[in-house]
Every structure is written in C-alpha cells, then in structure tokens.
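Visitor: Per the numbering used here, the very first residue in the sequence shown carries number 5; after that it's consecutive.
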Amino acid sequence: MDCIFCKIASGAIPATLLFEDEEVVAFADRNPQAPVHVLVIPRRHIASLAQAAKTDDALLGHMFGTVAELARTLQLANGYRSVINTGPDGGQTVEHLHVHLLGGRGMTWPPG
Ligand code: 5GP
Ligand code: ZN
5 MDCIFCKIAS GAIPATLLFE DEEVVAFADR NPQAPVHVLV IPRRHIASLA
55 QAAKTDDALL GHMFGTVAEL ARTLQLANGY RSVINTGPDG GQTVEHLHVH
105 LLGGRGMTWP PG
C-alpha cells in the first residue's frame, strides 16, 4: 500500500521518532505548526477515525495515552492541543489515522 505513514511506521522512510511500541509510533511533523508538533499513529493502517471500528477502542485509548505521556515528557505543563482531522471537511490530508500533539505556544479557538 502506498501510504506515507505506513512507510514511516515500518522505517522505510525516515522520520524523527519520539516514541514507538508494538501498537503506535510518534514522530515529529515535517511541517510544524507549533514549537512542538508531533504525530501519533497506529502501526496498523486505519485510514481515518471514520474507519475505526469498535474493536479499535483500546488502540484509540492507547494513542491518546501516548499523547499525554509525550506531553509530560516534552514538558508541556502549560497545556497543549491534541487534534484528529477527519475527512475533507476535517482537513485531513494524509489518509492514515493520526493524532496531532501541538504545544509550546498559546492556541486559539475556534480553529480555522
Ligand atoms: P492532516 O492534515 O492529515 O491532519 O495532517 C497530516 C500531517 O502530516 C501534516 O501536518 C503534515 O505536515 C504531516 N506530514 C505529511 N507527510 C509527512 C511526512 O512524510 N513526514 C512527516 N514527518 N510528516 C508528514
Ligand atoms: Zn497507512
């Protein structure tokens, strides 16, 4: 499958890894939108949150637990934003599920 995030997860293309285990991989976004911008992905290809099944609930929980642990490691004690863009209206550009962890600056709301 021609999926850039599957290739990062398998090591076929390089990325700056911050964490990995059997289920998830975390790496620096190549076009950071904040001083800290990390993506947390499942190793297994899931195209988007809309394609996640009920049986993926534990994996989704683990992805967010990984975000929280990374935020502690990266010392984002003042807060951070974790985002999943889904589908065209959500602004998703890479069709492999990922959580953005953004921090190191104040965020605004509503998002664009
Ligand atoms: P989306 O718009 O789908 O929510 O987010 C996709 C993110 O993936 C973007 O922030 C983009 O900068 C990042 N991205 C796309 N291709 C690559 C890549 O090859 N390597 C890395 N590290 N990040 C990527
Ligand atoms: Zn993939």
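Where is the CB? At the ideal position from N, CA and C, for every residue including glycine.
Classify Pro115 as buried or exposed, calling it buried when 16 or more other Cβ atoms lie within 10 Å of its own Cβ.
Guide: Result: exposed.
Visitor: Rounded to the nearest angstrom, how far is the Cβ of Pro46 from that of Glu27, given a contact under 8 Å?
Guide: Yes, they are in contact, since the Cβ atoms of Pro46 and Glu27 sit about 6 Å apart, within 8 Å.
Visitor: Rounded to whole angstroms, what is the Cα-Cα separation between Arg34 and Gln96?
Guide: Computed Cα separation, rounded: 15 Å.
Visitor: Under 6 Å Cβ to Cβ from His102, same chain only, skipping five residues before and after it: list those, please.
Guide: Result list for His102: Leu43, Ile45, in chain order.
Visitor: For my contact list, Leu106 and Leu74 are in at a C-beta cut-off of 8 Å; report their separation, rounded to the angstrom.
Guide: Rounded, the Cβ-Cβ distance is 12 Å, inconsistent with contact.
Visitor: Drop a sphere of 10 angstroms on the beta-carbon of Ala13, count the other beta-carbons inside from all chains shown, and report buried for 16 or more, exposed for fewer.
Guide: Result: buried.
Visitor: Name the two residues that bound the continuous alpha helix (DSSP H) containing Ser14.
Guide: Where Ser14 is concerned, the enclosing alpha helix (DSSP H) stretches over 8 to 14.
Visitor: With which residues is Leu21 paired in a DSSP beta bridge?
Guide: The partner list for Leu21 (beta bridge, DSSP) reads Phe31.
Visitor: Give me whichever residues DSSP pairs with Ser86 in a beta bridge.
Guide: Partner(s): Leu105.
Visitor: Would the beta-carbon of Val40 fall within 7 Å of that of Leu78?
Guide: Yes; because the gap between Cβ atoms is below 7 Å, this pair is in contact.
Visitor: Between which two residues does the alpha helix (DSSP H) carrying His100 extend?
Guide: No alpha helix (DSSP H) contains His100, which DSSP labels as neither H nor E.
Visitor: Relative to the C-alpha of Asp93, which residue among Ser52, Gly15, Gln37, Phe9 is closest?
Guide: It is Ser52 whose Cα lies nearest to the Cα of Asp93.
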